[in-house]
Structures are given as structure tokens and as C-alpha cells.
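Below is one structure; the comments refer to it alone.
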Amino acid sequence: MDNSTTQKILFEIEQIDQLMYDSSPLFDLCKMREPDFVERCGIALILHSFYNGIENIILLIVKNKDLDLPNGTKWHRELLAKTFEKTENRLQIFKEELKVPLNDYLQFRHFVRHTYGFQLKWEKMKDILIDMNIVWEKVKEDLNIFMQNN
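Each residue of the sequence shown is one higher than the one before, starting from 9 at the first, in this note's numbering.
Shown next, in the form of C-alpha cells:
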């Protein structure tokens, strides 16, 4: 992978790390009590931004290595699916264990983009918020392995 793409990926990783750090007070609050409407809206934006950052990284890799991007109405899903496949130009980006969690963040991001804030239910957000730090550490680990081997 060329140095420019690697630097862009590292920048996106830093951005998501900053998001995680800045969001920690809200994460801590949600461990103590159920968030109110405004807090749920904030959490939704954090979850949206989290997946959006991961998708930015995926786009950088696929543009650099695969040279073709999915298109059509399901391109986000198809793009994520590419990350679990080895191609002639690159290794698999993410391990299979991330398939379900990353799909959950993708689905939630889609929901947030097409809904009103009052429709956000804590039950639908709670698990992916609680798991976000663990998922992010696994994503970073896989990205570091990918960057070292490509």
C-alpha cells in the first residue's frame, strides 16, 4: 500500500480514537442510567460517526487496492462485505469475527440517517454502544495487521 494511503488511514484511526476519548463521559453516564432524549441523540451521532470513520478507512483501502467500488442502492453493504474477502490485489481486511458487529453499526447508521431523533430507542442502541470500545480495538488490530502485510 502506498505511503499516502497509509497516512490517510492512520489519520482516520486518530480521528476515531479522539471520538472515543471525547465520548467517554457519555459512555460512563449510560452505564449508570438510561440516557434521555438529548443524550440518545448524541449517542446516535457518535455511533454514526464511528461507523462512518470505519467506512472511510474501507473506502481508502478499496480505492487503493481493488480500484473498483460497489455502486447501486446497496453499495454500503457490498463495500463492507468486500472487507472479509481476499482479492488478487490484497489480503482480507477484517477477520470474520467482526462481520456481525460491523454490520450492526452499518445498519444503525442507516437507521439514524433515515429517522427522527424521537424514534431512537435505548434498547436498540445499548449493546452496540457498550461493545464499541471492544469492536474498535479489534478493528484497529486488524487494520494494523493489514497495513503491515500489504
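For glycine and all other residues, C-beta sits at the position ideal for the given N, C-alpha and C.
Given the structure is predicted, the values throughout are model-derived calculations rather than measurements.
{"Asked": "Exposed or buried, which one is K39 when buried takes at least 16 other CB atoms within 10 Å?", "Found": "exposed"}
{"Asked": "So, for N72: in the same chain, excluding its five sequence neighbours on each side, which residues have a beta-carbon less than 8 Å away from its beta-carbon?", "Found": "M9, D10, T13"}
{"Asked": "What's the gap between the Cα of H122 and the Cα of F58?", "Found": "17 Å"}
{"Asked": "Residues in its own chain within less than 6 Å of A52 by CB, not counting five upstream and five downstream?", "Found": "V120, L128"}
{"Asked": "Ignoring anything shorter than 4 residues or poking outside the segment 117-154, list the alpha helix (DSSP H) runs there in chain order.", "Found": "130-138"}
{"Asked": "Thinking C-alpha only, which one of I62, Y124, L37 is nearest L143?", "Found": "In the sequence as presented, Leu is not what sits at residue 143; that position holds Val. Of I62, Y124, L37, the residue nearest in Cα terms is I62."}
{"Asked": "Excluding the 5 residues preceding and the 5 following F126 in the sequence, name in chain order all residues of the same chain whose CB lies nearer than 8 Å to its CB.", "Found": "F45"}
{"Asked": "Exposed or buried, L151, counting other C-beta atoms within 10 Å across all chains shown (16 or more means buried)?", "Found": "buried"}
{"Asked": "I24: buried (16+ other C-beta within 10 angstroms of its C-beta) or exposed?", "Found": "buried"}
{"Asked": "Since M40 is in the alpha helix (DSSP H), which residue starts that stretch and which ends it?", "Found": "11-40"}
{"Asked": "Taking D30 as the reference, which of C49, I54, F154, Y124 has the closest Cα?", "Found": "I54"}
{"Asked": "Kindly indicate the opening and closing residues of the alpha helix (DSSP H) around L53.", "Found": "45-73"}
{"Asked": "For K90, report the span of its alpha helix (DSSP H) as first-last.", "Found": "83-90"}
{"Asked": "Indicate whether G50 and L34 have their beta-carbon atoms separated by less than 8 Å.", "Found": "yes"}
{"Asked": "Mark T81 as exposed unless 16 or more other C-beta atoms lie within 10 angstroms of its C-beta, in which case mark it buried.", "Found": "exposed"}
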